[in-house]
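> What follows is a structure written as structure tokens; I'll ask about it next.
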Amino acid sequence: MVPGMQQVVLNTVQYALFYLVFSIPLTLSYRTTKVMNFAHANFITYGAYTAIFLHGVLGLNTMSIAAVAAFLVAGSMAVLSNLLVFAPLQRRGSSLSIVMIASMGLWIVYKYLLYIVTDIAHHYTAKNFVSYGRITYVDIPRIVVGGAELSQALVAGLAVASITIASLYVILEKTKIGRAMRAVADNPVLAEVSGIPRALVANLTWFICGGIVGVGGVVWTSFSGATTPEAGDSMILQVFTVGFIGGLVSLLRTGIGAVLIATIENMGIALLNTYLNVPVSFKPFLTFTTLIATLILFPPLGAGGGLPYRFLRRGSRR
Amino acid sequence: MIDLIGFAISWLTLFGIYAILSLTLNLESGTAGITNFGKVVFYGVGAYVAATITTYMTLILNGVDVGETPPYDVRGIVLLGELGSRNPLLNVGLLVLSVVVAFAAAGALGYILSYPIIRVGPAFVGFTLLSFGELLRVFLQHYEPVGGNKGLMAIPTPFGWVADSRLREVAYLGLVMGTLAVTYIVTYRLVNSPLGRTLRAVRDDEIAALCLGKHVPRIKATTLFIGSGFAGVAGVLLAYYLTSVNPNMFVPAVTFNVWAMIILGGFGNLKGSLIGAAVVTFVDRALTFVTPQLGVTLISPDYLRWVIVGLLIVVVLMVSPRGILPEEPIKTPALDIVSDELGGESE
Numbered sequence: 001m002v003p004g005m006q007q008v009v010l011n012t013v014q015y016a017l018f019y020l021v022f023s024i025p026l027t028l029s030y031r032t033t034k035v036m037n038f039a040h041a042n043f044i045t046y047g048a049y050t051a052i053f054l055h056g057v058l059g060l061n062t063m064s065i066a067a068v069a070a071f072l073v074a075g076s077m078a079v080l081s082n083l084l085v086f087a088p089l090q091r092r093g094s095s096l097s098i099v100m101i102a103s104m105g106l107w108i109v110y111k112y113l114l115y116i117v118t119d120i121a122h123h124y125t126a127k128n129f130v131s132y133g134r135i136t137y138v139d140i141p142r143i144v145v146g147g148a149e150l151s152q153a154l155v156a157g158l159a160v161a162s163i164t165i166a167s168l169y170v171i172l173e174k175t176k177i178g179r180a181m182r183a184v185a186d187n188p189v190l191a192e193v194s195g196i197p198r199a200l201v202a203n204l205t206w207f208i209c210g211g212i213v214g215v216g217g218v219v220w221t222s223f224s225g226a227t228t229p230e231a232g233d234s235m236i237l238q239v240f241t242v243g244f245i246g247g248l249v250s251l252l253r254t255g256i257g258a259v260l261i262a263t264i265e266n267m268g269i270a271l272l273n274t275y276l277n278v279p280v281s282f283k284p285f286l287t288f289t290t291l292i293a294t295l296i297l298f299p300p301l302g303a304g305g306g307l308p309y310r311f312l313r314r315g316s317r318r
Numbered sequence: 319m320i321d322l323i324g325f326a327i328s329w330l331t332l333f334g335i336y337a338i339l340s341l342t343l344n345l346e347s348g349t350a351g352i353t354n355f356g357k358v359v360f361y362g363v364g365a366y367v368a369a370t371i372t373t374y375m376t377l378i379l380n381g382v383d384v385g386e387t388p389p390y391d392v393r394g395i396v397l398l399g400e401l402g403s404r405n406p407l408l409n410v411g412l413l414v415l416s417v418v419v420a421f422a423a424a425g426a427l428g429y430i431l432s433y434p435i436i437r438v439g440p441a442f443v444g445f446t447l448l449s450f451g452e453l454l455r456v457f458l459q460h461y462e463p464v465g466g467n468k469g470l471m472a473i474p475t476p477f478g479w480v481a482d483s484r485l486r487e488v489a490y491l492g493l494v495m496g497t498l499a500v501t502y503i504v505t506y507r508l509v510n511s512p513l514g515r516t517l518r519a520v521r522d523d524e525i526a527a528l529c530l531g532k533h534v535p536r537i538k539a540t541t542l543f544i545g546s547g548f549a550g551v552a553g554v555l556l557a558y559y560l561t562s563v564n565p566n567m568f569v570p571a572v573t574f575n576v577w578a579m580i581i582l583g584g585f586g587n588l589k590g591s592l593i594g595a596a597v598v599t600f601v602d603r604a605l606t607f608v609t610p611q612l613g614v615t616l617i618s619p620d621y622l623r624w625v626i627v628g629l630l631i632v633v634v635l636m637v638s639p640r641g642i643l644p645e646e647p648i649k650t651p652a653l654d655i656v657s658d659e660l661g662g663e664s665e
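Heads up: the sequence lines are chains A and B, in that order. If you use our numbering, the first sequence corresponds to residues 1 to 318, in order. If you use our numbering, the second sequence corresponds to residues 319 to 665, in order.
What follows is the structure, encoded as structure tokens:
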């Protein structure tokens, strides 16, 4: 039996919720707009820093207000990235790789702009924004299960994840705009011919996706003891792996992937640490192994511009 | 007073090292269409191979028990400083050994890593290589025999026995430029060979290349082997130039730097890569020289530099996606004859 099992289980649940909130928008944005967005990590960080600046500069510690603000900030960031960079590139017929490289450039710009902003904020408030402590929010209800009080991050994470899934389900399955989003994802040209305003749908998708990730970032500030401008980057491996497990197409498989990766990572490293004395920071290796295994065993054919090489590999080619 | 000759030497050395990276990245990404976001992996492997071989071999061949005084230990570092520049033959021999082993190790890693990724699209390729770089860094940070977080220091340089420091720098610059020349010739010949034409076919339309009987996965794996091998050699040169390596030198940002170079210079144009490398490293060096004069500023020049690198990638892709020098048609004997006949009009 691994010592501290209860904590390991709690961590698994917590991370599963984070990966869910971060990677479902990744899959949704990729399948609707066909942009492999490396700046996705910035949405997490900017969401978290919206809450941090509200807390550190204005002294606000209400999560609901911070969440709304973060939704607007990260959502507008996503829409702006699309309007200024992705959409013009796609209109010109640039390949998937070129748009992906441009998103990588955006990633660097956003990341270091945030560093600059934290420096300026530090100059005027004399607070350390480059590594910000955990924020205790006043508007999160206290929930006690079996005599133990759940942490704020867990309560907030549960709430955000369930609201996200429920509202995405309603939007995608029950509303006209959701049908339009799915249509654009399935066949953009056909959707446009049928009179769906493709550009509008793309922008709306970006706003929703960026916003959800930003709110996830706010939850992160109530969990992490030290939020840095690298917070999003440190999770990018896990978030993208989860997206790849879903093949960047299926939201359901993405959700399953989130739970799977959180379990493999937290349970796996706890076991390895106890029995083989592997340092806890080797956690990403488990995720990477899962990523490679996914790519070899279940190559997401067709997704991300891939070719159905399966036929080549099985020896049908002479 | 700013030391202009010193500045030129340090800039050119850095340019040479980065140009090797940008030339091979251009071969992989610009010509073959492999979105290699993990260039730093092979660079780092090369640097660590050189650092490990040189420090351990120097100590062992001088009769030091590395079990007692490993090279990452303070006593090891002192010993390396004493023993490092005694025997010119040993220094040069270790350089050759490092280059060979680094090329083989980095190339083999590139070949192996290509297995899971050549069958999937560019999104997966880029991301897998990017995250492998981060894993390598985590591993190096915790692997004690290569110094863990501190890395390896006081690596004996190939020209450590040259007494005059300026002469030493010039000799090293000569070595870097020589390696760059070899890299340029190899990549130039590759791009203008039948393989180069196949690579462009793969980049432009994988399905068509596949249908024409080209074994696309194998071609991509070969390209990654060659490109990664040369990146490993660039790593060797970096290790000897800085005489120290540590895991935090090999962050993804290095890869982005190289990407900015090839995008600025032009996709698929080797001369463009050289220009891109020259411009980016010049700005880098110039900032390093200027920064200390500015004192403490509200906005750190380092952050500003990265914002500029990122903006460079985005803006060049938006405004002029072909870069400074657009891709040229492949030089074949037939093309030469035709353009001679036409009196150079077809150019």
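Yeah, the Cβ is synthetic: ideal placement off N, Cα and C, and Gly gets one too.
Would you please verify whether the beta carbon of S657(B) is less than 7 Å from any beta carbon of chain A?
With 7 Å as the cut-off, S657(B) does not count as an interface residue toward chain A.
> Would you check if the distance between the CB atom of F360(B) and the CB atom of S546(B) is smaller than 7 Å?
The answer is yes: Cβ separation under 7 Å.
> Please classify Y132(A): does DSSP put it in a helix, a strand, or coil?
Strand.
> Considering only the alpha carbon of each residue, which of I626(B), G641(B), I648(B), T650(B) lies closest to I108(A)?
Of I626(B), G641(B), I648(B), T650(B), the residue nearest in Cα terms is I626(B).
> Using beta carbons (cut-off 7 Å, strictly below), is S664(B) in contact with chain A?
Low local confidence applies: a pLDDT of 46 at S664(B) is under 50, so the model's placement there is unreliable, and no value is given.
> Please decide whether L295(A) counts as near chain B, where near means a Cβ-Cβ distance under 7 Å.
Yes, L295(A) counts as interfacial toward chain B.
> Is the CB of F288(A) under 7 Å away from at least one CB in chain B?
Chain B contact via Cβ: present.
> Give me the Cα-Cα distance between T331(B) and V500(B), rounded to the nearest whole angstrom.
Rounded to whole angstroms, T331(B) to V500(B) spans 15 Å at the Cα level.
> Consider the Cβ of M235(A): report whether some Cβ of chain B lies at a distance smaller than 7 Å.
Answer no: the Cβ-Cβ gap between M235(A) and chain B never drops below 7 Å.
> For the stretch 268-282 of chain A, which residues have a CB atom closer than 7 Å to at least one CB atom of chain B, in sequence order?
Correct list: P279, S281, F282.
> Residues in the stretch 432-453 of chain B with C-beta within 9 Å of chain A's C-beta atoms, listed in sequence order?
Hits within the stretch, in order: Y433, P434, I435, I436, R437, V438, G439, P440, A441, F442, V443, G444, F445, T446, L448, S449, F450, E452, L453.
> Nearest CA to the CA of I731(B): which residue from S347(B), L582(B), T373(B)?
The structure shown does not extend to residue 731(B), since chain B is modelled only from 319 through 665, so no value can be given for it.
> Terminal residues of the continuous alpha helix (DSSP H) containing N42(A)?
That run of the alpha helix (DSSP H) goes 40-58.
> Less than 7 Å separating the beta-carbons of F223(A) and A153(A)?
Yes, these two residues count as a Cβ contact at 7 Å.
> How would you write the range of the alpha helix (DSSP H) that R603(B) sits in, first residue to last?
R603(B) -> alpha helix (DSSP H) spans 588-612.
> Can you find a CB in chain B that lies within less than 7 Å of the CB of I108(A)?
Interface residue, yes.
> Is the Cβ of G105(A) closer than 7 Å to any Cβ of chain B?
So, interface residue.
> Which chain B residues sit within Cβ distance under 8 Å of A102(A)?
Near A102(A) (Cβ distances below 8 Å), the residues of chain B are I631, V632, L635, M636.
> Report the three-state DSSP secondary structure of T27(A) (helix, strand or coil).
Looking at T27(A) - three-state DSSP - the assignment turns out to be helix.
> Rounded to whole angstroms, how far is the Cβ of L172(A) from the Cβ of R182(A), which I believe are closer than 8 Å?
Their Cβ separation, rounded to whole angstroms, is 6 Å, which keeps L172(A) and R182(A) in contact under 8 Å.
> Answer yes or no: do V358(B) and T573(B) have a C-beta to C-beta separation smaller than 7 Å?
Yes, they are a contact pair.
> If I follow the unbroken alpha helix (DSSP H) through F223(A), where does it start and stop?
Element bounds for F223(A): 198-223.
> Please tell me whether T387(B) has its Cβ less than 7 Å away from any Cβ of chain A.
No, T387(B) does not count as interfacial toward chain A.
> What whole-angstrom Cβ distance do A156(A) and A87(A) have, given they're in contact under 8 Å?
Contact doesn't hold; Cβ gap of about 33 Å is too wide.
> Whole angstroms is fine: what's the gap from N365(B)'s alpha carbon to I338(B)'s?
It is Ala, not Asn, that sits at residue 365(B) in the sequence shown. Approximately 14 Å between the Cα atoms of the pair.
> Could you give the C-beta distance for L454(B) and G351(B), rounded to a whole number, given that I count them as a contact under 8 Å?
With a Cβ gap of about 24 Å, L454(B) and G351(B) do not count as contacting.
> Flag T370(B) as yes if its beta-carbon sits less than 7 Å from any beta-carbon of chain A, otherwise no.
It does not: the Cβ of T370(B) has no partner Cβ on chain A nearer than 7 Å.
> So is F574(B) in contact with chain A if we call contact Cβ pairs under 7 Å?
So yes, F574(B) belongs to the interface.
> The alpha helix (DSSP H) spanning E400(B) covers which residue range?
Per DSSP, E400(B) belongs to the alpha helix (DSSP H) from 392-401.
> Near V576(B), what residues of its chain come up, given a Cβ to Cβ distance below 6 Å and the 5 sequence neighbours on each side ignored?
These residues qualify, in order along the chain: L339, S340, L343, K357.
> Threshold first: 4 residues or longer. Then list the alpha helix (DSSP H) segments lying entirely within the stretch 213-294 of chain A, N to C.
Segments of the alpha helix (DSSP H) lying fully in the stretch 213-294 of chain A: 236-245, 251-276.
> For F543(B) versus G428(B), is the C-beta spacing smaller than 7 Å?
Yes, Cβ-Cβ distance for F543(B) and G428(B) is below 7 Å.
> Using CA coordinates, which residue listed in T227(A), V170(A), V21(A), T32(A) is at the minimum distance from L248(A)?
Among T227(A), V170(A), V21(A), T32(A), the Cα nearest to that of L248(A) belongs to T32(A).
> Do A258(A) and Y19(A) have their C-beta atoms within less than 7 Å of each other?
Yes, these two residues count as a Cβ contact at 7 Å.
> Please report the residue range of the alpha helix (DSSP H) in which R640(B) lies.
Neither: R640(B) is in no alpha helix (DSSP H) and is coded neither H nor E.
> Counting only Cβ-Cβ distances shorter than 9 Å, please list the residues of the stretch 87-99 of chain A near chain B, keeping chain order.
Those residues of the stretch 87-99 of chain A that come within reach of chain B (Cβ to Cβ, closer than 9 Å) are P88, L89, R92, S94, S95, L96, S97, I98, V99.
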